[in-house]
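The structure under discussion appears below in the form of structure tokens.
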Amino acid sequence: MIFEGTKKSIFFGLGLTRAGNNIPETEIPAWYTHNAKMELELTDTLNEHRDAALRMQFEKDGSLTNTGYCGISVKAGESYSLYLFAKAKEEIGLDVAIEYQGKVLTGNSLVVSGQEYTRYDMKLTAAEDCHEAQLTISCKEGGEVLLGFISLMPDNTYMGHGLRTDLVEKLKGMSPKFMRFPGGCIVEGTTPSTAMRFRDTVGPAWERPSKLFVWHYRSTLGLGFHEYLQLCEDLGMEPLYVCNCGMTCQGRKSVLLEGEALDEMVQDTLDAIEYAIGSKESKWGRLRASMGHPEPFKMTYLEIGNENWGPDYEKRYNMIYKKVKELYPQIKTIANEHVEKNGCPAECVDEHFYNTTEFFAERVNYYDDYDRKGPKIFVGEVAVNEGNYMGQLYAALGEAAFLMGIEKNQDIVTLASYAPLFENVNYRAWYPNLIRFNNHQSLGIPTYYVWKMFGQNRGEYVVRSEDEGGRVYRPRTGMASLKSNKELRFRNPIWNGEEAKITHELMGHVQDTEDGHLLQLPDEEQKKEFHSILEWADETKSFVVFGEEDQTYGRFETDIFVEENAYFELGIFSARVVRSYYEEQLVITAGVEKEWDAAMVRPFLWKVNGGQCSLEEFGYMHDNKLTEDFAISVKPGEYHRFGYETDGKQIRLYVDGELQKEISIPYGPAFVSVVTDTKDEIIIKAVNFAGDVDPVSITLDCQVQGDYTVTLLSGEKGDENSFEEPEKVKNITVNMHGASSEFVYEAPPYSVSALRLKKCEAF
């Protein structure tokens, strides 16, 4: 599993701090005053790692209130530990309470005195349940106090190690074998100062500097390197630490560290390893021991960088690889790209996949033909985050099918993890996430139950197996479209024998002419709007759509004037797609929300470049080829009639009435399976993509007992879990009878099944 601190999902979710922004350092969210004045103190701070303290000037009966993270959740009878560092020139009495709408649920008092920061501790026991409580510090007589750090934590945590019990138990329920931490993009940072460093995340919480993350919030790093290692130990997971390799996020205008700065970052990685597995007599091992863990942790894997690439990455990768192998040859290293192609040593390579349900279903055999002489593969991030069914059952089926392909190829794919893992629903920055929570509830999306099923039904050996079934074709709708990088003349557009009209001018405009129509290039306003949504994309092409998106099967044709070295694209299935959450946020931020725009229409594209053509699928970052290049015969300076026809399974391309190419629309299998076994059992995992019961005929080469169990995940395609129905989609286990060396299992519609069959005798 991978941790990624997207919008307070880890540091203020799994890590159980209740006070929002322990002490603010650049702004003051979650803190409010009544009859009091607060301001950031930037010089007289708690220690060198804290950028600010909070200076409070109370009037009589003044108060300071912290709202937590959309409220503080407390339970009746449970105790909470609060500590704060404070100092005051003159003695001042403070009342501390957890309250709701003026009603005190629990409280205590303290007196602050002395001109040096002093730690004050107290216990608070809630009188009743409340999920919208606030922490209030009030002063009856008035006065001034400096607050250096405040922490409010429940005493009831997982194994007493400070993490939220329900979230850890959900993680444990998946039977995870490793954990990749501290995440993805937060490792890189956007600037050298925001790049993740191990040494910033260990030691007492109040001595850890806060960090501004790429996900646009500041964390005090209360959940740090030590806590991750402790969690791995508690759940029996192998640690997979991701280090910064000396460069910031390449997707956000990367900054390269050089010289001493690069050496410092390399040393930080070595120090992290020493903290984890060094003796308690070593420098960092002593700090680990002082944190309550004198014996070494494990450190199994090291990933060098996160989503980095290119020559600059390879230089830094090699530096860290050599240093680590000199000192810790037992640690298994992971590269971000296939560095072995450029002569670098590579034990394992991290590959990431974010796409549609259909993408994963169509790639069940993706790793079948991978070079077995190359490095091992770590599928470090995989999720359906595009298209229909994000976070719903049908997406889970696609991911399950892809996982089955991974399971069949365990000789090369040695690790796999979903991403991201956790989401604080009040601070969403990405969707979907495997486990969602608020301040007192949590739930798993349907995909969570797929990973849980796979984790609990692994087997010891992959058994050679074959399956046969039907096909599920890519669902596509919409009519034709035209794109061009220069003005394009066309005429007589026809759809199923009737005139086809332009319905959406997404980029550029269509002008009527004496002999037809002229497709003009985008105006400046259209270019600016498109660039604000997809800044990497080519905003110079025109893009217009014919007809409506509910029109699908049929024949389209139009005359296009072919100029010398002409380039244009004829779109097929030109309908809108569901944006990913990330894309939707770009649109909202840019303030260009429309029912139709050029970024949300992603057709198949018949690309015509002079006399050479290809059919490609419009992709988010790049187009995906559906055919190899092929030639057509056209004469520059003349009109030629371009057309296509489709029945939902095939696409046929025509020029001047002559068939040029016929291809199948992408499809995946309707049924996917993988078989593993143990000494005593055979485990069959299967996906049924169809909307009907699939009577699966199973033939085995050994005898099994008649009684068997099935763990089943099923429902409607769009089913999803919510806090109102947190287990609408979940695994159920049923006892069944009738297994033999040949029997039929009826796989429910839209389902993932795990059958456990007991062998009649051990082999």
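The numbers in the sequence shown follow the UniProt record's numbering, run straight up by one, and end at 763.
Note that the Cβ used here is the ideal one computed from N, Cα and C, for glycine as well.
Item: Which of helix, strand or coil DSSP assigns to E584; Value: helix
Item: Integer Cβ distance of A631 from G657, believed to fall under 8 Å; Value: Not a contact, Cβ separation roughly 17 Å.
Item: Cβ-based burial, E76 [other Cβ within 10 Å; buried from 16]; Value: The sequence given here places Ala at residue 76; Glu does not occur at that position. Exposed, because fewer than 16 other Cβ atoms sit within 10 Å of the Cβ of A76.
Item: Bridge partners - V255, DSSP secondary structure assignment; Value: Answer by DSSP bridge pairing: none, since V255 is not bridged.
Item: Bounding residues of the beta strand (DSSP E) (the contiguous stretch that carries T191); Value: Neither: T191 is in no beta strand (DSSP E) and is coded neither H nor E.
Item: Bridge partners - Q134, DSSP secondary structure assignment; Value: E99
Item: E99 versus E128: straight-line alpha-carbon distance, rounded; Value: 10 Å
Item: Those residues which DSSP pairs with residue 764 across a bridge; Value: Absent from the structure is residue 764, since the part of the chain shown begins at 1 and ends at 763.
Item: Three-state secondary structure (DSSP) of S481; Value: strand
Item: Contact set for W495: own chain, Cβ-Cβ below 8 Å, skip 5 residues either direction; Value: M479, A480, F546, G547, Q551, G554, R555 and F556
Item: Whole-Å CB distance - T248 paired with F225, under 8 Å assumed; Value: With 8 Å as the limit, T248 and F225 do not qualify as a contact, their Cβ atoms being about 20 Å apart.
Item: Spatial distance of V266 from L257 (CA atoms); Value: 10 Å
Item: Rounded C-alpha distance that separates A289 from D263; Value: 26 Å
Item: Cβ-based burial, D566 [other Cβ within 10 Å; buried from 16]; Value: According to the sequence shown, residue 566 is Ala rather than Asp. It is buried - the Cβ of A566 has at least 16 other Cβ atoms within 10 Å.
Item: Endpoints, beta strand (DSSP E) assigned at D677; Value: F671 to D677
Item: Sub-8 Å separation of E399 and P375 beta-carbons; Value: no
Item: Assigned secondary structure, R576 (DSSP; H/G/I helix, E/B strand, else coil); Value: strand
Item: Separation of A30 from Q650, as counted between CA atoms; Value: 57 Å
Item: Boundaries (first-last residue) of the alpha helix (DSSP H) holding G643; Value: That residue, G643, is in no alpha helix (DSSP H); its beta strand (DSSP E) goes E638 to T646.
Item: For E742, the first and last residue of its enclosing beta strand (DSSP E); Value: E742 to A747
Item: Cβ-Cβ distance between N385 and P311 below 8 Å; Value: no
Item: G222, buried or exposed, once every other Cβ within 10 Å from all chains shown has been counted against 16; Value: buried
Item: Cβ neighbour criterion (16 or more within 10 Å) applied to K661; Value: buried
Item: Alpha carbon of T503 to alpha carbon of Y427, nearest angstrom; Value: 38 Å
Item: Alpha-carbon spacing of W206 relative to L229, whole angstroms; Value: 19 Å
Item: Residues that G246 bridges to, as DSSP identifies them; Value: DSSP lists no partner for G246.
Item: Proximal residues to E351 (C-beta, below 8 Å), its chain only, five neighbours per side dropped; Value: I377, F378, V379 and G380
Item: Identity of the residue in H161, F642, E727 and D692 nearest Q392 by Cα; Value: E727
Item: Close Cβ partners of F573 (< 7 Å) along its chain, the five nearest in sequence each way excluded; Value: R476, T477, G478, P603 and F604
Item: Cβ distance (whole Å) where T333 is taken to contact P239 below 8 Å; Value: Not confirmed; about 13 Å, so no contact.
Item: Beta carbon of L519 nearer than 8 Å to that of F490; Value: yes
Item: For E169 and G13, the rounded distance between their alpha carbons; Value: Confidence is the limiting factor: at G13 the pLDDT is only 48, short of 50, which leaves the residue's position unreliable and the question unanswerable from this model.
Item: Segment contact, 8 Å Cβ cut-off, at least three pairs: the region 462-469 with the region 143-155; Value: no
Item: Environment of K541 [buried if 16+ CB atoms lie within 10 Å]; Value: buried
Item: Runs of beta strand (DSSP E) lying entirely within the region 131-173, each at least 3 residues, in chain order; Value: 143-154
Item: Neighbour-count burial assignment, K501, 16 or more Cβ in a 10 Å radius; Value: exposed
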